[in-house]
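Accompanying notes for the structure given below.
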Amino acid sequence: MSIASEPVVVGAKRNYLQALNEALHEEMESNPDMICLGEDIGLLGGAFGVTEGLLARFGSDRVIDTPISESLIVGAAVGMALEGRTVMVEMQFMDFISCGFDQIVNNLATFHYRSAGEVNMPVVIRGPAGAYGGGALYHSQMNEAWFCHSPGLKVVCPSRPYDAKGLLKAALRDGNPVVFFEIKELYRRRELEEAVPGPDEIVPIGKAAVRREGRDVTLISYGQNIYHCLAAAEKLQSEGIDAEVLDLRTLVPLDEEAIWESLAKTNRVVVVNEAPRTCGFAGEVLARIAEKGFEYLDAPPARVTRLDTPVPWVKPLESYVLPDVEKVAAACRKVCRY
Amino acid sequence: MSSLSATSATPESAEPWGADQSPSRLLAPDDYREILNQLFLARYFDVRLIKEKKRGHLRGTLYSSHNQEAVLVGALFGLEPKDWISPIHRDMPAFFLKDAKRGWRNPERIGMSIQEVCAQIWGKAASPGRARDNWSHIGSRKKRIVHSTSMLASTVPVAAGIAYSERLRGSNAIVLTFNGEGSTARGDFHEGLNFAAVHKLPMVSVIENNMWAYGTPLELGCPTPFVAERAKGYGIPGLVADGQDVFDVYDKVKWCVDYARAGNGPTVVECRTYRAYGHGDHDDDRASKYRSPEEVAEGRRRDPIAICKERLVELGILTRDEADQFQPEGKSASEVRDEDFPPDVVAYVREGVQFAIRSPYPDAEEAAWWVFHEEGEPQP
C-alpha cells in the first residue's frame, strides 16, 4: 500500500487500514503541532502499514521511530502534550499497551483532572487489537475494559473504514486522551471497502450506529464481533427472528440513548464482546440496562463473551474460547423464546 | 550500611571544567547571599510544616527536605525562567524556589508564590491544582513545573517529551528532573534517559541520593557505589556532587545545564546527601528500626547551611559575626525557633501560611469536574 503517493480521490473506496492512514495524513497536514510516536512507525511505516508514508511526508522530527519503550512513549507523549502538542501514539499491538499502563492510567488519564483543567491532553493511543487470527496470547487481546475503568480516557473501537477514519480524526481533535482500538483482522478486508469521510469530516465520538434494523432482539456489540452479529442476524431471519444490530463505536462515553431507543423497539437484548467475561465491557452494558432499562425488557438479557481464559494459539482452541456466529445465534434464540 | 561519604572520588566526580573555571566563580556577591537566604528559606519552610503537621493542621504525609536543601537550591539557582523542572515528594520548596532569585514576591517570576504552595499544602481552592491531589502533586504549564504522580521516575519520560517538543520549536529551554536514588531503579528512569540520550535532548537528571529509599538502603537498590554510574550505559556524563555543599551542586548542575543548552544532550548529576528524618512523618519513629542513631548523626553532621556560611566567610562576602547572626544549622525541627532565621524568611513563609489558613476549601461538587476537557467547562 502506498497511500501517500496516490492522489486523494474524495469518495474513493478505502479499506479499514487505508482509512486510518488517510486520517493520519490529513491530521498531520492540517495540524503542524501534531507529532507521531511509536515503534517502527517511520522507516517501516508501522508493523501493519497504518503509518505508511508519514515519515517521507512529514519528516523524522514529527514522525518518531522510538525505542521499544512503551512507558517512555506514553510518558513522552504526556510531556509533548504538556508543552502544547497533539500526539498520536501507536502501540504496535494493543497487547503491548500493558507496558505503558502506568503512564496511561495514572499520568495521561488524570492530567486534566489534577491540573484543575489547566492542561489538556490531546493524545491518541491507537493500535491493532483483537483475536480470530491465531495471534495467540500476546497478539490477540481486547483489553479495552482496563481503560474504560480508568476515568479520564475516552475509548473508541470502529468496525468499518468510514468510522475508522472519521473517529480517528475526531479523536485527534478531541482534546482528551483517547484509547483507540483498531481491529487488525479488519484492516485489509476487501468486502468492507467503502467511501470514507473527507478531510473536513469526522464521525463524532460517543455516538452508536444501528447496523441492521430489527424488531425482535437487539444485538449490542463493537469491533470484530459486529460481523458475527450481522451474520447471526441473517441466519436468524430464516428462523423468524428479526434482530437489530447496534454498533457502539465508542465505549466511553457510552451512547445510552441509542440503547434505549433500540430496546424500546425490541425489548430483548444480547451483548456480544470478544473480551473475557468477568468485568468485561459487556457486563457494564448489562449493568446499565438492569439499572435504567429494566422496564424495556421482556426477557432476561444475555451476553456472549470470550471464556475467562487467555486467547490460545491454534484454531480449535482459539475458536473454542471466542464468540462466533453460532454462539451469538444460540443466545438470541434463548432470549427470544423466553 | 550505606556509604555516607559524599565526597568519595570517582572518575565522574572530577570537575569537568578547567582549573578555576567553576560556574560559581561567575556569581555576584548578592547571588551568594541569595543562595544562603534560599537555604534558610527552604529549612524554615520545612520546619514550619513539621510543626503544623504535629499540631494536626495538615492532612496527608509530610516528606521533609531537612538536610537536603542544598540540592534544591543549588540545582535551581542556575536555571533560566523558561526552563522546566519536575520536583518530587521531598522537593516541596522547589515550587517556590524556582526563579526565586528574581525576587521571592515578584509576581512576574516563573515559579509559584508561597501563597500558592501553602494553599496546596493546606488543601485549599487557591492551590494551583485546586487541592485535587496532595502535597507535591502540583504543577503549572505557565510556570513550567511538571505535575508529578506517586509513581516515582514517571516524570523522566515526561521530561524527555517536553525537551523534545521545546527543541523542535527552536527553544533552548532545558528540563531538569529531580529523582531520589531509589527510583533510578525503575524502568521509566531508564527508558526516559535512553530516549533522551538517543536524541541528545536538553535534559538534566538530578538524583537526590539520600541513601535511603523509604526503608531500603542504597546498596539494595543499586549495584554500583554511585548512582551516577548508570549514565555510562547511555554514553552520557554522570557527575557526582557533594549534596551538602550548595556550591558544588550549583557548579555541577550548572555545568550540565549549560551542556544541555549548548545542544550536547542529557546528563546525570548525583547529589549525595542524607535523609534527616523518616521517609515521611509517619515513618519518623519506625525509621530508627532500620537506621542506627550513629548513622543518622553522621549523615546530618555536615549541615548545608553551615557549609554555605563557611564558604561565604572564606570569600569575604560575610563577616564571621554576620554569618553567626542566624543559626538554625544542626538543630532539629523541635529545637529550632523563629529567631534562628532571618526575619524576612519567617515573614515570607508566614504570608503563605496565613493566606492558606484564611482561604476556603474547594466546593465539594468540584470533585466531579475536569475528568474530561469539554467545551464550556469551568475555568480554574
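Quick note, the sequences are listed as chains A and B, same order.
Residue numbers for the first sequence follow my numbering, beginning at 93 and rising by one.
Residue numbers for the second sequence follow my numbering, beginning at 10 and rising by one.
C-beta: ideal position from N, C-alpha, C; glycine also.
Give me the Cβ distance between I86 of chain A and V181 of chain A, rounded to the nearest whole Å; I'm assuming they're in contact under 8 Å.
Any property of residue 86 of chain A remains undetermined from this structure, which presents chain A solely from 93 to 430.
Identify every residue that forms a DSSP beta bridge with N203 of chain B.
As a first step, residue 203 of chain B is located in the second sequence; it is residue number 194 there, counting from the start. Per DSSP, none; premise fails for N203 of chain B.
Counting Cβ pairs closer than 8 Å, one from the segment 51-60 of chain B and one from the segment 344-359 of chain B, do we hit at least three?
The segment 51-60 of chain B, when compared against the segment 344-359 of chain B, does touch it at the 8 Å Cβ threshold.
Considering V167 of chain B, what are the terminal residues of the alpha helix (DSSP H) in which it resides?
Start at 1 with the first residue of the second sequence, and residue 167 of chain B comes out as number 158. Start and end: T164 to L177.
Given 8 Å as the limit, is there contact between the segment 156-168 of chain B and the segment 61-73 of chain B, that is, 3 or more CB pairs closer than that?
The segment 156-168 of chain B, when compared against the segment 61-73 of chain B, does not touch it at the 8 Å Cβ threshold.
Note down, in chain order, each residue of its chain lying with its Cβ closer than 6 Å to the Cβ of S365 of chain B, except the 5 sequence neighbours on either side.
By one-based count along the second sequence, residue 365 of chain B stands at place 356. For the sequence presented, residue 365 of chain B should be read as Ala rather than Ser. Answer for A365 of chain B: C127, A128, W131 and K133, listed in chain order.
Nearest CA to the CA of Y388 of chain A: which residue from A:A367, A:L355, A:E366 and A:C321?
Position 296 of the first sequence holds residue 388 of chain A. Comparing Cα positions, the closest option is A:L355.
How many angstroms separate the CA atom of P99 of chain A from the CA atom of E131 of chain A?
Counting from one through the first sequence, the residue named residue 99 of chain A turns up at place 7. Counting from one through the first sequence, the residue named residue 131 of chain A turns up at place 39. With a pLDDT of 48 at P99 of chain A, under the threshold of 50, the modelled position of that residue is not reliable, and no figure is offered here.
Between L135 of chain A and chain B, is there a C-beta pair that is closer than 8 Å?
Counted from its first residue, the first sequence places residue 135 of chain A at position 43. L135 of chain A does not count as touching chain B.
Tell me the start and end of each unbroken alpha helix (DSSP H) in the segment 253-341 of chain A that is at least 4 residues and wholly inside, in chain order.
Those alpha helix (DSSP H) runs which fall completely within the segment 253-341 of chain A and span 4+ residues are 253-264 and 317-329.
Using a Cβ-Cβ cut-off of 6 Å (strictly less than) and excluding sequence neighbours within five positions of A182 of chain B, which residues of its own chain qualify?
Working through the second sequence from its first residue, we reach residue 182 of chain B at position 173. Excluding sequence neighbours, A182 of chain B sits near K91, D92 and E175.
Tell me N218 of chain B's beta-bridge partners as DSSP assigns them.
In the second sequence, the residue the question calls residue 218 of chain B occupies position 209. Per DSSP, B:R281.
For Q334 of chain B and chain A, any beta-carbon pair shorter than 8 Å?
For this step, residue 334 of chain B is matched to residue 325 along the second sequence. Q334 of chain B does not count as touching chain A.
Just checking, does the segment 298-311 of chain A make contact with the segment 343-359 of chain A on the three C-beta pairs under 8 Å criterion?
Touching, per the Cβ criterion.
In chain order, what are the residue ranges of uninterrupted alpha helix (DSSP H) at least 4 long that sit wholly in the segment 51-128 of chain B?
The segment 51-128 of chain B contains these whole alpha helix (DSSP H) runs: 78-86 and 103-106.
Measure the CB-CB distance between V427 of chain A and A324 of chain A and report whether it falls below 8 Å.
Indexing the first sequence from 1 puts residue 427 of chain A at position 335. Indexing the first sequence from 1 puts residue 324 of chain A at position 232. Cβ distance not < 8 Å, so V427 of chain A and A324 of chain A don't count as in contact.
For I297 of chain A, which residues in the same chain have their Cβ closer than 8 Å to its Cβ, ignoring the five residues on either side in sequence?
If you number the first sequence from 1, residue 297 of chain A lands on position 205. Answer for I297 of chain A: K246, V248, L259, A262, A263, D266, V270, T342 and P345, listed in chain order.
Out of B:E374, B:D254, B:A377 and B:Q30, which has the shortest C-alpha to C-alpha gap to C317 of chain B?
Indexing the second sequence from 1 puts residue 317 of chain B at position 308. Nearest of B:E374, B:D254, B:A377 and B:Q30 to C317 of chain B, Cα basis: B:D254.
Mind pulling the chain B residues with CB within less than 7 Å of D153 of chain A?
Here residue 153 of chain A refers to the residue found at position 61 of the first sequence. L177, listed in chain order.
Under 7 Å Cβ-Cβ, which residues of chain B neighbour S207 of chain A?
In the first sequence, residue 207 of chain A corresponds to position 115, counting from 1. Result: G138, G148 and H156.
With respect to the beta strand (DSSP E) encompassing C249 of chain A, which residues constitute its N-terminal and C-terminal limits?
Reading the first sequence from its first residue, position 157 is the one you call residue 249 of chain A. Per DSSP, C249 of chain A belongs to no beta strand (DSSP E) and is neither H nor E.
Please look up how many angstroms separate the CB atoms of V253 of chain A and E285 of chain A, rounded, as I've assumed it's under 8 Å.
The residue labelled residue 253 of chain A in the question sits at position 161 within the first sequence. The residue labelled residue 285 of chain A in the question sits at position 193 within the first sequence. This sequence places Pro at residue 253 of chain A; Val is not what is there. So it is a contact: roughly 7 Å between Cβ atoms.
Could you work out which residue in A:A201, A:S152, A:N123 and A:Q233 is closest to E410 of chain A when comparing CA atoms only?
In the first sequence, the residue the question calls residue 410 of chain A occupies position 318. Taking only the C-alpha atoms, the option nearest E410 of chain A is A:Q233.
Could you confirm whether any beta carbon from chain A is found closer than 8 Å to the beta carbon of S17 of chain B?
Here residue 17 of chain B refers to the residue found at position 8 of the second sequence. Note on S17 of chain B: pLDDT 43, under 50, position unreliable in the model; the coordinate value appears next. No - not a single Cβ of chain A is within 8 Å of the one on S17 of chain B.
For P408 of chain A, count neighbouring Cβ atoms within 10 angstroms of its own Cβ and tell me buried if that reaches 16, exposed if not.
Translated into the one-based positions of the first sequence, residue 408 of chain A becomes position 316. So P408 of chain A counts as exposed.
Among residues of its own chain, excluding the 5 on either side of S402 of chain B, which ones have a beta-carbon nearer than 7 Å to its beta-carbon?
For chain B, the structure presents residues 10 to 389; residue 402 of chain B sits outside this window and is missing.
Can you pull out the residues from the segment 229-248 of chain A whose beta carbon lies closer than 8 Å to at least one beta carbon of chain B?
Cβ contacts with chain B come from P243, G244 and K246.
Pick from B:P369, B:T158 and B:A135: whose alpha carbon is nearest that of H146 of chain B?
Position 137 of the second sequence, counted from the first residue, corresponds to residue 146 of chain B. Measuring from the Cα of H146 of chain B, the nearest candidate turns out to be B:T158.
Give the interface partners of I171 of chain B over in chain A, defined as CB-CB distance under 8 Å, in chain order.
Position 162 of the second sequence holds residue 171 of chain B. Near I171 of chain B (Cβ distances below 8 Å), the residues of chain A are G171, M172, L174 and E175.
Any beta-carbon of chain A closer than 8 Å to the one on D92 of chain B?
One-based indexing of the second sequence puts residue 92 of chain B at position 83. It does not; no Cβ of chain A falls within 8 Å.
Just grab the DSSP bridge partners of G247 of chain B for me.
If you number the second sequence from 1, residue 247 of chain B lands on position 238. Paired residue(s): B:V277.
Once you ignore the five residues that flank W221 of chain B on each side, which residues in its own chain have a CB closer than 6 Å to its CB?
Here the question's residue 221 of chain B lines up with position 212 in the second sequence. R284, listed in sequence order.
Counting Cβ pairs closer than 8 Å, one from the segment 239-250 of chain B and one from the segment 203-219 of chain B, do we hit at least three?
The answer is yes - the segment 203-219 of chain B touches the segment 239-250 of chain B, with three or more Cβ pairs under 8 Å.
What does a CB cutoff of less than 8 Å around C240 of chain A pick up in its chain, not counting 5 residues either side in sequence?
Numbered from 1 along the first sequence, position 148 holds the residue referred to as residue 240 of chain A. Result list for C240 of chain A: V247, L343, V344, F373 and E376, in chain order.
I need the straight-line Cα distance from E323 of chain B to N76 of chain B, nearest angstrom please.
As a position in the second sequence, residue 323 of chain B is number 314, starting the count at 1. As a position in the second sequence, residue 76 of chain B is number 67, starting the count at 1. Distance between the alpha carbons of E323 of chain B and N76 of chain B: 22 Å.
Using 8 Å as the cut-off, can you tell me whether the segment 254-270 of chain B makes contact with the segment 25-35 of chain B, which would need three or more C-beta pairs spanning the two stretches below that distance?
Yes: at least three Cβ pairs fall under 8 Å.
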